[in-house]
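A.B. asks: Mapping of the sequence shown onto my numbering: residues 6 to 188, in sequence order.
Note that CB positions come from ideal geometry on N, CA and C, so glycine has one too.
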Amino acid sequence: MSDARVKALVMVGAVGLVLVALGACAPRTTRVPTTTGAFAPAPREPDGSAYRPQVMRLLELVNIERAHGAACGAQLMPPVPPLTLEPRLVRAAQLHSDDQAAHFAMGHGGSDGSSPGVRATRAGYVWSLVAENVAWNQPTPEVVMQAWMDSPGHCENIMRDGVVELGAGETDLFWTLVFAAPL
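1) Only counting the same chain, and skipping five residues up and downstream in sequence, which positions put a Cβ closer than 7 Å to that of Arg5?
2) What does DSSP give as the partner residues of Met82 in its beta bridges?
3) What residue range does the beta strand (DSSP E) around Val135 cover?
4) CA-CA distance, Ala186 and Leu88?
5) In the structure shown, what three-state DSSP assignment does Thr126 receive?
6) From the DSSP secondary-structure annotation, give me the bridge partner or partners of Phe184.
7) Ignore the nearest five residues each way along the sequence and tell me which others in Asn68's own chain have a CB closer than 7 Å to its CB.
8) Does the Cβ of Leu188 have 16 or more other Cβ atoms within 10 Å, making it buried, or fewer, making it exposed?
9) Is there contact between the segment 92–107 and the segment 172–181, where contact requires at least three CB pairs shorter than 8 Å?
10) What is the DSSP secondary structure of Leu88, reduced to helix, strand or coil?
11) Could you give the distance in angstroms between the alpha-carbon of Met150 and the alpha-carbon of Leu66?
12) Measure the alpha-carbon distance for Leu64 versus Arg93 and round it to whole angstroms.
13) Roughly how far, in whole angstroms, is the beta-carbon of Arg71 from the beta-carbon of Ile163, given that I think they are within contact range, below 8 Å?
14) If you drop the 5 nearest sequence neighbours on each side, which residues of the same chain put their C-beta closer than 6 Å to that of Ala107?
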């Protein structure tokens, strides 16, 4: 092999290494599957900021359960389509978690007597169906999700066909999921 050919191969190899190194430095975009199987950019808050990691993890865990189907007590629930995050529902869920933490009281009724539907409406969401899961003192999204899946009523909310959007919130281990379908 000639010296010129060796130099050319070395040069091509060096350029390839530089391109690989630059590719490793490129910013990574988190993507989530859509219902069509394509990928879309990760959902963001209305102001463009990223959702809290707990919110994203709960969405992921809910959709894993929905994809597999579940036994909710004696009720067998078939697989159902994935949910998408809805900013107004995230706000309603987070505000309810904040309220529960502020009053150190877990429940579906807010400290002002509000219901999940009233809170979704206050957040600007026009709904035809709304359901809510709450929990307290679960340390991680995985642990709270398992607790909900072990509770037939909460499991049924997670597996409910007809809901298409989700909001999630957590404050001081007060967790809230809001499931809904728009009007």
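C.D. replies: So, from the data block:
1) It is not possible to answer for residue 5, since the shown part of the chain is limited to 6 through 188.
2) Partner(s): Ala75.
3) Trp132 to Trp141 is the extent of the beta strand (DSSP E) around Val135.
4) A straight line joining the alpha-carbon of Ala186 with that of Leu88 spans about 10 Å.
5) Thr126 carries a helical assignment under DSSP once its states are collapsed to helix, strand and coil.
6) For Phe184, which the question treats as bridged, DSSP gives the partners Ala136 and Leu171.
7) These residues qualify, in order along the chain: Pro87 and Leu88.
8) Residue burial is scored here from C-beta neighbours: Leu188 has fewer than 16 other C-beta atoms within 10 angstroms and is therefore classed as exposed.
9) Yes, the segment 92–107 is in contact with the segment 172–181.
10) Of the three classes helix, strand and coil, the one that applies to Leu88 here is coil, per DSSP.
11) Separation of Met150 and Leu66 (C-alpha to C-alpha, rounded to the nearest whole angstrom) is 7 Å.
12) A straight line joining the alpha-carbon of Leu64 with that of Arg93 spans about 15 Å.
13) Yes, Arg71 and Ile163 are in contact; Cβ-Cβ is about 7 Å, under 8 Å.
14) Taken in chain order, the list of residues that qualify is empty.
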